[in-house]
Structures are given as structure tokens and as C-alpha cells.
Amino acid sequence: MTLTPDAAATLLREARALDEARSYPELGALLSPWDEEALGIEPELLFLRADVGRRLGRGEDAVRDLDALESRIARFGNVALRRRRLNLLGSLRFESGDIDGARDLWLTQLDDSTAAGDEQFAARACNNLGVVATLLDELPSALAYYARAVASYFKVGYERGLGQSHHNLGITYREMGFLHEADSHFRTADRLARSASSDDEVARVAQERALLLYLLGDADLARHTARLALEIHERLEDPAGSAEVHRVLGLVDLGEGDIDAAEAALEQALATAHEISAILLKAEILAARAALRSLQDREIEAQDDDAQAAALFEAIGAPAWGRRARDRARSMAARGGARM
């Protein structure tokens, strides 16, 4: 199929509108019939298809579109689109377990954005680099990156990005043990995401806050919050988000001693993580399942899951985060065992 320049321009307007509305399944359906050559008439179409492909769990297709986009950026010199490509490719590398590769791309993005005075994409790079620092257990560095992101997003008035920064701050403070400080940031993130009509971000905040709520002692509210997140992820057809929620629900069920529910949730999460090649998520789920297996007196299977999880965390360069995930899962299992 081919596109004339006028038809490509019309398609781009339609695609931008769907992207702005967060109508990701519809955007994917709009762009999927076209080949790379046709979409390359308006290179932003390749980016939009790659972005929605990542959201819908089609990471390999997204990488191909970004590869096709690279040559067009080099030919036409679209530096703004180049920064968007770096940001998205970094996310794809990160989700596939290539944390070092993701960090290199985001550092390049930060340098480019800072040199160009592009506050928004400098903030995006800082947000992402903060996530990497958190995984590497460099928590003070993570807080510094997020502080810079907050300042830049505030300067340009970008609520969605500001909410993402507070979301990430909530995760980091939760991991540091400052639970009420974490909840304050999650609440701010939720308010900003709703104000920006960013349902996907509302869901991501809810899934992370659900775990915090359980750590604060409210299992019912934790489950309710997680299920609200799941409803949004399913409506947006976001498999990674849905798997993240099932992992959280599995941990809550494990902590409550509801072994059957925990097993069902973790098995569903693991199947999806494997299908979409989400390596970090898979490692976190295996760590949780190892703790569950131990509670079930299935020690050989527990040891196998734990070894697989440790190997995956080591392979992606995040052994410290792996230790946190494994320790938390064991703590949940101990709590659940006391309730049984």
C-alpha cells in the first residue's frame, strides 16, 4: 500500500489526535496496514507506530519501526524527532533487560536536550535515568535526577511528566522505607495524571501505590486500588501493565496467606511477561513465585525459581534491585505463613 503526501499528512493528523486521546488500540489499528516506506513519507508516523507498538506489547515491531526511522532522521535532520526516538528506544532496551544500553541512550538524549534547551526531553531523560539509578540501588542519585525532572517539567508546565516524576519519587521513597513520604508523592502523581487526562499514568500510579498501601497495613484498599489499575490497563490493551498489577495482587495475596489466589495471579503475570519478553518483570515475578513455592513446601521448585530470578537480575545488571525484590517476597510469604 502506498500513500500520497497529502494522504500521509491526513493520516498524521488522525494519528496525532488518537495519540493525544490515549486511544492506543485505535491508533495501532489505524497505522498497522501501512509498510515502512509508506509511513516514512511522514516520519513521525513511524515513531507513533513504534510508540503504540511498545504500549500494546509488540516490542520487536517497535524496534523495526525505530530502525527505519533512524535513516529518515539522518536524511532530513529532524532533531526533535531524534530525541523522541532516543527516549523510546531507551524504554524498549530497558524493558528487554538491556539496562546499560538504555542508560547510554538516555544520557545521549540528556546531552542533546540540554544543549538544545529542550527542557521537556531533558526532564524525560532525567526521569528515566532516575529509574535506572533506583534499580542500581543508587537512591540518592535517583532522587537528584527526579528533582531535576520536576524542576524542568514545572518550568514548561507539563503535568503528565510532572506526575511521572512524582510517581517515580514515590517508588524510590517506598524502597527507602519512607512510606508516608512515598504516599504523598503517589497522591500528587495521581492528581496530576488525572488533571492531564492520562489514564495510563493513573493506572501505573495506582499499581505502585497498591503495594505501598499493603505495606501500610490496608490489604482491602491495596486490592481495590490494584484492581482499578487493572481495569484501565485492560481497557488500554496494555499487557505489561496488566502483568504488573497481577504481580502486585499476587504479593498482596501471598502476604494475606491466600495461597490459591496468589498462585493464580503470579502465573498469569508470568505468562504475560514471558510472552512480551519483559525480562525485569519476569525476574520480579519469579522472585515472588519462589517465596510462594517455599510457603507451599515445594522447596526444589522454590530454589529453581529463586535461582532463575537471581540470574535474570544479574544478567540485566540489577542485582541490588533483585535482592530487594526477593527479600520483599520472602517477607510477604512469612507474613502469609503466620496467617495460615
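Per my numbering, the very first residue in the sequence shown carries number 1; after that it's consecutive. Backbone N, C-alpha and C fix where the C-beta goes; we use that ideal spot for every residue, glycine too.
Classification of residue i by the beta-carbon crowding that lies within 10 angstroms, buried from 16 upward
i, result
"V358", "The structure shown does not extend to residue 358, since the chain is modelled only from 1 to 340, so the question has no answer here."
"R293", "buried"
"E208", "buried"
"D327", "exposed"
"S198", "buried"
"D35", "exposed"
"G177", "exposed"
"A149", "buried"
"S96", "buried"
"F172", "According to the sequence provided, residue 172 is Thr. The question's Phe does not apply to it. With 16 or more other Cβ atoms within 10 Å, it is buried."
"E201", "buried"
"A311", "exposed"
"D100", "exposed"
"A9", "exposed"
Selection from the options that minimises the alpha carbon distance to residue i
i, options, result
"H180", "L212, F76 and Y158", "L212"
"E314", "L136, I232 and R124", "L136"
"A338", "T2, G257 and S165", "G257"
"G57", "E299, Q296, E275 and K282", "E275"
"G59", "S277, G161, S197 and D183", "S277"
"G170", "N127, F154 and R194", "N127"
"K282", "L266, S294 and S197", "L266"
"A271", "A240, L251 and L254", "A240"
"A334", "A288, D190 and A310", "A288"
"D253", "H224, A273, D19 and D238", "H224"
"T134", "A329, R330 and A320", "A320"
"R324", "A290, G317, D305 and E284", "E284"
"T188", "Y173, Q164, T172 and L312", "Q164"
"G336", "E263, G255, L312 and D304", "G255"
"A222", "G250, D200 and L295", "G250"
"L83", "H246, S91 and D112", "Sequence inspection shows Arg at residue 83; the Leu mentioned does not correspond to that position. Among H246, S91 and D112, the Cα nearest to that of R83 is on D112."
"Q120", "L295, V131, I279 and A80", "A80"
"D183", "R235, L216, F154 and A116", "L216"
"L295", "A273, I279 and E263", "E263"
Whole-angstrom distance between residue j and residue i, CA atom to CA atom
i, j, result
"E175", "D65", "36 angstroms"
"D118", "N78", "14 angstroms"
"I73", "L48", "14 angstroms"
"T4", "E37", "11 angstroms"
"S152", "L230", "31 angstroms"
"L39", "H233", "28 angstroms"
"A302", "D218", "28 angstroms"
"R93", "D51", "13 angstroms"
"I259", "D297", "12 angstroms"
"E54", "A62", "The displayed chain sequence assigns Arg, not Glu, to residue 54. R54 and A62: Cα-Cα distance of roughly 6 angstroms."
"R160", "M340", "43 angstroms"
"D6", "R330", "59 angstroms"
"A29", "E244", "24 angstroms"
"A125", "Y145", "9 angstroms"
"M332", "A210", "14 angstroms"
"E20", "R194", "14 angstroms"
"D98", "L11", "33 angstroms"
"R191", "A318", "31 angstroms"
"A261", "A290", "15 angstroms"
"D238", "T114", "32 angstroms"
"L89", "A102", "8 angstroms"
"I300", "Q268", "21 angstroms"
"V248", "Q308", "20 angstroms"
"A206", "T2", "42 angstroms"
"G130", "A203", "20 angstroms"
Would you be able to state if there are at least three C-beta pairs under 8 angstroms between the region 31-49 and the region 65-78?
yes
Under 8 angstroms, with one C-beta from each stretch per pair, do the region 138-156 and the region 87-107 reach the 3-pair mark?
no
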